[in-house]
């Protein structure tokens, strides 16, 4: 008889992956992915259009003074997310009426589970950077940690190859936490 004992962290990670998969299934891949793209696009456009929008708002709302940049960014950010989500929901309503609607839901479950695995990996990465040791009873014999833990660092390496300036951001974050080497 096998005396295998499931590690507590494995149960936590499996629950998180289940939540992610269920959420992704309900939303579908298109909405899950579009949400991520909309967030990134909103940040990029928020900064790219900030100068223009500050000038525009300053003309009409001079009394807001130092709040104008924040308000301008928020308007662009919310506007981009709203616009992208509206267009994607319109497209998704058409897609759901076809056989591809089921494929979208299954792909959404996989993508949702991956997003939550990435989140768990980021948390484990931060714990490692902070040199926090989880209780042995919590992690002993874990099968999930070796699978989930490397996801965020590997994506970080991939992103730093695609966008070299991200490397600088990683070093800044590690410096904030007192980590000396990358």
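Numbering (the working numbering), first residue to last: 5 to 186.
Positions of the beta carbon are idealized from the N, C-alpha and C atoms, including for glycine.
Note that the coordinates shown come from a computational prediction; the quantities given were computed from them, not determined experimentally.
| Item | Value |
| --- | --- |
| Three Cβ pairs or more, each shorter than 8 Å: is that satisfied between the region 72-89 and the region 41-55? | yes |
| Distance check for residue 113 and residue 12, CA to CA, integer angstroms please. | 24 Å |
| To which residues of the same chain is residue 111 closer than 6 Å at the C-beta, ignoring the five residues directly before and after it? | 33 |
| Identify, in the order they occur along the chain, each residue of the same chain with its Cβ nearer than 6 Å to the Cβ of residue 75, setting aside the five sequence neighbours on each side. | none |
| May I have the straight-line CA-CA distance separating residue 30 from residue 159, to the nearest angstrom? | 26 Å |
| Which whole-angstrom value is the C-beta distance of residue 18 and residue 148, which I expect to be below 8 Å? | 7 Å |
| Are there 16 or more other CB atoms within 10 angstroms of the CB of residue 140, so buried, or fewer, so exposed? | exposed |
| For residue 73 and chain C, any beta-carbon pair shorter than 8 Å? | Although the question refers to chain C, the structure presented lacks it and comprises just one protein chain. |
| Rounding to the nearest angstrom, what Cα-Cα distance links residue 10 and residue 144 in this structure? | 9 Å |
| Looking at residue 125 and residue 14, is the spacing between their C-beta atoms short of 8 Å? | no |
| Applying the 10 Å Cβ sphere with the 16-neighbour rule, what's the burial state of residue 97? | exposed |
| Roughly how many angstroms separate the alpha carbons of residue 183 and residue 90, rounded to a whole number? | Residue placement at residue 183 cannot be trusted, given a pLDDT of 48 that sits under 50; what the coordinates show is reported in the next sentence. The alpha-carbon atoms of residue 183 and residue 90 are separated by roughly 42 Å. |
| Alpha carbon to alpha carbon, how far is residue 106 from residue 73? Give it in angstroms, no decimals. | 43 Å |
| Which of the three DSSP states, helix, strand or coil, is assigned to residue 108? | helix |
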